[in-house]
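Those sequence lines, one after another, are chains U and H.
Positions in the first sequence are counted from 1; adding 1170 to them yields the numbering used here.
Positions in the second sequence are counted from 1; adding 1170 to them yields the numbering used here.
Ideal Cβ positions, reconstructed from N, Cα and C, are used throughout, including at glycine.
Protein chains: 2
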Amino acid sequence: MTDQAPKSTTVKARLPRGLADRGPAEIAATNKMMAAIRETYELYGFEAVETPFIEYTEALGKFLPDLDRPNEGVFSFQDDDDQWLSLRYDLTAPLARYVAENYDRLAKPYRSYRAGFVFRNEKPGPGRFRQFMQFDADTVGSASVAADAEICMMAADTLEKLGIKRGDYVIKVNNRKVLDGLLEAIGLNGKENASRRLVVLRALDKYDRLGPAGVKLLLGEGRRDESGDFTKGAGLSLDQVNLVLWFLQLRMNTDFDRGGKTTDINPRIKTLASSSEVAEPDMLSAMDRAYGEKSQIFREGVAELRLISQLVESGGYGDGRIIIDPSVVRGLEYYTGPVYEAELTFEVKDEHGRPVRFGSVGGGGRYDGLVARFRGEPVPATGFSIGVSRLFAALKALKSPIVSGADTRGPVVVLVMDKDQIAAYQAFVTTLRNAGIRAELYLGSAGMNAQLKYADKRGSVCAIIQGSNEREKGEIVIKDLVAGAQVSAAAKDMDRNEYLALKQRAQFAVPAEKLVDAVKDVLARY
Amino acid sequence: MTDQAPKSTTVKARLPRGLADRGPAEIAATNKMMAAIRETYELYGFEAVETPFIEYTEALGKFLPDLDRPNEGVFSFQDDDDQWLSLRYDLTAPLARYVAENYDRLAKPYRSYRAGFVFRNEKPGPGRFRQFMQFDADTVGSASVAADAEICMMAADTLEKLGIKRGDYVIKVNNRKVLDGLLEAIGLNGKENASRRLVVLRALDKYDRLGPAGVKLLLGEGRRDESGDFTKGAGLSLDQVNLVLWFLQLRMNTDFDRGGKTTDINPRIKTLASSSEVAEPDMLSAMDRAYGEKSQIFREGVAELRLISQLVESGGYGDGRIIIDPSVVRGLEYYTGPVYEAELTFEVKDEHGRPVRFGSVGGGGRYDGLVARFRGEPVPATGFSIGVSRLFAALKALKSPIVSGADTRGPVVVLVMDKDQIAAYQAFVTTLRNAGIRAELYLGSAGMNAQLKYADKRGSVCAIIQGSNEREKGEIVIKDLVAGAQVSAAAKDMDRNEYLALKQRAQFAVPAEKLVDAVKDVLARY
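Take a look at the structure:
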């Protein structure tokens, strides 16, 4: 007795910007992909944990939303006790809250993984969503860079498990301490230089896109882009700029991006002999010699990279799968030690048909300060996050079996020829389902042709028909929809015998009790 | 160079009320449970679809939030273009939006399933969360009650697939048209009686809790509960009350709740001979005779129930698995036809140790008006929703293999005895992982005893140890932590030979190259 008459003003069926629905093929493929990642992580002793989508805004470490713009960056809303809540914007901040809350109960070091949607209240764009999926792994409670090395090896194993071939990816490792030490060594230390340091790091991060000339401008006075917009630079002196550029040269020589092949990556890491500018036998030694005396933090950073390098080597991953790359910056401010990035090195075509590298599908690093927000004492932690949809796109580009080959065949459709026989048709469906065959009764009100069209649209291989003639004879007609389509398509080009054989294949009658066997035979054809 | 020193005021690590974290055992069990449901749904030809967590508030069919209480019932927030967004509060409203948006593209009737979290901005309580998981299946575009019958059969199959035995559950079916017709027949038709109809339906819905006497009061003047609160009644006349109560008597006689066993359910559906009050050979005929002449909608409802009954019978589910129960109301206002409820009938103990029925784990019904909100024309639809956490609790109470038997053994732990040998220990770990054995390097900074305690806490079966002595001999010590615990526990009660044998089992050395074989042997012990 509810009033369900359509309202005069209907509501528009649409999604808010930056949100998307997903269909069966994408869901099945993503699930397969997630299962493969999970399997690898569990092999490494990481265990699943899950936190809710909503947290206290202050627990996420963002400032309370401005009253005028309560949704800056995150989706926020007030609880009925006036406290601010937010949708999680990543899986790291909730993990820090979780670990702090369960600190004494957890076996430490605590290895865990989490997968799920996160939300960003940002301007959406092509391939840029306001809800997207991340897959994270973190080790909390270990100050050893062995934890960082382990996650890098796990990232490599994960990519291979997903069908990405060795040589098609590289895990690049750097250390924030090295970057911080570099800035200290060129005199950018102290609180008064905090903002300039940030400008320098941002400039380094843009090396990929802008190249050395662009970065040089950003380190100096500034840079005007194609559109005429001016970005103010860090205002470094020429000496300082040159020192930072030397660092970028180091990068050049270990950089897979610049045309290196898997086979010659390894020698490049170990010797930079190919570069006339930095003719050192060992990149890390070269770095140490250049800046080690000027900065304690730089020395520490290089020593940590060296240990990671050894661990990676003894794990067998020193063959170019995991490399040290001093240019890796990673945007997030909270990193305090090693940072790492998983990069796909194979080429895809961009929108103009030009070949481009696929690029980063995940990254992470050490964030010793994050749990400390809750506990008042530093808790060492390191973690890695995979951008699931980006990786998914990469696997599709590579035609990885993980994301393809999902069963796209529809269920067997039992047609409803006589409405008063629906109970009998239902019984056919149940018989098929009991035999483990995906099957459905046609539930619409259309006639036979429309029902067959429905079955085609569902991708069904076969349809089951019983009209009054068949019923009297105790028979059922099996229609092979794939063969049927071939008959229609090729009828003209066939000789009569061929045609008749195919037609017999496409549609035949069996005794009702042979239903399951006959359907199994047809399904086995494809 | 980020400032990560702990702040003087730390943030409290806590979750907002009504939200919960989940650990590895619960996640693994839930995943197994979801996979089983998914498998059954796919056998029925239902396909996966997924919608985002955020929708336009108006698309969800709730009124725009009041400015004073913007979060009434749902979590809502304004987008930067001032439009209201909400977290989905169920999976049906988003499906209606999805179908309306993709109407022409979808093969109809469109069978789909969706699983995921939904959000309610309500007062949380014990077992009552503000984020919880639902698993829905819906058929859109079919006006035939065969679609409703199919979903009821699928619900039965799903519960059995999850390990719930036949007889431990029942799917109860009713029809809103019958309820609406009943109210029409006793003179409660027309817009002027809309609120009274709602009061009557609410009273019927409370039959389980209040019994006939309580419902009688709610149908008449009203009822004062134990706490002294007065609920105003529907104000029906004694005649009207008696007619409605007759309907409840019908229910009594088909009700599994009131002591019926599976074996005698079926005869009860077909004959109500056991009841002296309604001595009719067939409940549906009895209903028809009583009200059919007075209400067209009642007749329609009974005819639909009869067809469902036939379909269920011909599918083989008429053995008490699916029964017609005229008392099923279901709260949601948007139902327009058949309604159904999956109820677990076995007993569990309540907080006072008294046996209680487990009760409802899911339900649904036909909602022909929901898609119409978007399309301006009615689109027939019917759907079923499982309360995942409630069902999960039920499976645990039943000790279903679906939710137990998850592997709770921790990974093999390789101890770090000498810090400068960490690369060698890492190599052991990699060797084990490459052999498919879950393994991890101890990543903390504690001594040997604490490392072994860590392995115990992780639930590890074995630990790998190599000190300098072993290293010189090229050996590795395997420690069987389970046998080790037995040695400690039972040392006093054993004779010397037994003790030595167990001790040898609990810890032994092997040549380094035998690592994998030795670990496999130990793992095979448990």
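Item to check | methionine 1303 of chain H in three-state terms, based on DSSP | outcome: strand
Checklist entry - What whole-angstrom Cβ distance do alanine 1373 of chain U and leucine 1389 of chain U have, given they're in contact under 8 Å? => result 5 Å
Checklist entry - Should proline 1548 of chain U and serine 1312 of chain U be called a contact, given that it needs their Cβ atoms to be closer than 8 Å? => result no
Item to check | CA-to-CA distance, proline 1581 of chain U to aspartate 1538 of chain H, given in whole angstroms | outcome: 25 Å
Item to check | Among H/Gly1462, H/Val1498, H/Arg1491 and H/Leu1454, the one whose alpha carbon lies nearest that of leucine 1477 of chain H | outcome: H/Leu1454
Next on the checklist: Which same chain residues end up closer than 6 Å to glycine 1286 of chain U when comparing Cβ atoms and leaving out the 5 residues on each side of it in sequence?
Outcome noted: none
Checklist entry - How would you write the range of the alpha helix (DSSP H) that alanine 1460 of chain H sits in, first residue to last? => result 1453-1461
Checklist entry - Using a beta-carbon distance below 8 Å, is glutamate 1517 of chain H in contact with chain U? => result no
Next on the checklist: Am I right that leucine 1352 of chain U and tyrosine 1461 of chain U are in contact with their C-beta atoms under 8 Å? What's the rounded C-beta distance?
Outcome noted: 6 Å
Next on the checklist: Under DSSP, the alpha helix (DSSP H) around serine 1365 of chain U begins and ends at which residues?
Outcome noted: 1364-1375
Item to check | For asparagine 1344 of chain U, the first and last residue of its enclosing beta strand (DSSP E) | outcome: 1339-1345
Checklist entry - Skipping 5 residues on each side, what residues in its chain have a beta carbon closer than 6 Å to that of methionine 1457 of chain U? => result Val1472
Item to check | alanine 1594 of chain U versus glycine 1529 of chain U - alpha carbon distance | outcome: 57 Å
Checklist entry - Which of helix, strand or coil does DSSP assign to valine 1584 of chain H? => result strand
Checklist entry - Looking at chain H, which residues of the segment 1565-1589 of chain U have a Cβ within less than 7 Å of any of its Cβ atoms? => result Pro1581
Checklist entry - Does the beta-carbon of arginine 1275 of chain H have 16 or more other beta-carbons within 10 angstroms, so that it is buried, or is it exposed? => result exposed
Checklist entry - Mapping DSSP to helix, strand and coil, what is aspartate 1252 of chain H? => result coil
Item to check | Within-8 Å CB hit, alanine 1270 of chain U to chain H | outcome: yes
Checklist entry - With a cut-off of 8 Å, do at least 3 Cβ pairs link the segment 1506-1513 of chain H to the segment 1313-1325 of chain H? => result yes
Checklist entry - DSSP three-state call for arginine 1290 of chain U: helix, strand or coil? => result coil
Next on the checklist: Contact defined as beta carbons within less than 8 Å: I believe lysine 1347 of chain U pairs with phenylalanine 1468 of chain U. What is the distance between those atoms, to the nearest angstrom?
Outcome noted: 7 Å
Item to check | valine 1518 of chain H, enclosing beta strand (DSSP E) - first and last residue | outcome: 1508-1519
Checklist entry - Which residue comes first and which comes last in the alpha helix (DSSP H) that contains proline 1525 of chain H? => result No alpha helix (DSSP H) holds proline 1525 of chain H; the beta strand (DSSP E) holding it covers 1525-1536.
Checklist entry - Is the segment 1214-1230 of chain H touching the segment 1252-1270 of chain H in the sense that three or more CB pairs, one from each, lie closer than 8 Å? => result yes
Checklist entry - Taking only beta-carbon atoms, is glycine 1333 of chain H less than 8 Å away from chain U? => result no
Checklist entry - What does glycine 1485 of chain U reach in chain H if we use C-beta pairs closer than 7 Å? => result Gln1596, Ala1597 and Thr1600
Item to check | Host alpha helix (DSSP H) of glutamate 1610 of chain H (start-end) | outcome: Looking at the DSSP string, glutamate 1610 of chain H is not in any alpha helix (DSSP H); the run it does join, the beta strand (DSSP E), is 1609-1611.
Checklist entry - Per DSSP, what kind of secondary structure is alanine 1597 of chain H in: helix, strand or coil? => result helix
Next on the checklist: Am I right that arginine 1545 of chain H and tyrosine 1273 of chain H are in contact with their C-beta atoms under 8 Å? What's the rounded C-beta distance?
Outcome noted: 7 Å
Item to check | Residues in the segment 1203-1228 of chain U having any Cβ partner in chain H nearer than 8 Å | outcome: Glu1212, Leu1213, Tyr1214, Gly1215, Glu1217, Ala1218, Val1219, Glu1220, Thr1221, Pro1222, Phe1223, Ile1224, Glu1225, Tyr1226 and Glu1228
Next on the checklist: Let's see if you can read the secondary structure: which residues bound the alpha helix (DSSP H) around tyrosine 1696 of chain H?
Outcome noted: Where tyrosine 1696 of chain H is concerned, there is no enclosing alpha helix (DSSP H), given that its DSSP letter is neither H nor E.
Checklist entry - Buried or exposed: which applies to aspartate 1378 of chain H, given that a residue is buried once 16 or more other Cβ atoms fall within 10 Å of its Cβ? => result exposed
Next on the checklist: Against chain H, does serine 1246 of chain U count as a neighbour if the rule is that its beta carbon must be under 8 Å from one of theirs?
Outcome noted: yes
Checklist entry - Can you name the start and end residues of the beta strand (DSSP E) that tyrosine 1226 of chain H belongs to? => result 1224-1226
Checklist entry - Quick one: is leucine 1329 of chain U near chain H, going by C-beta distance under 8 Å? => result no
Item to check | Straight-line Cα distance separating valine 1482 of chain U from valine 1647 of chain H | outcome: 24 Å
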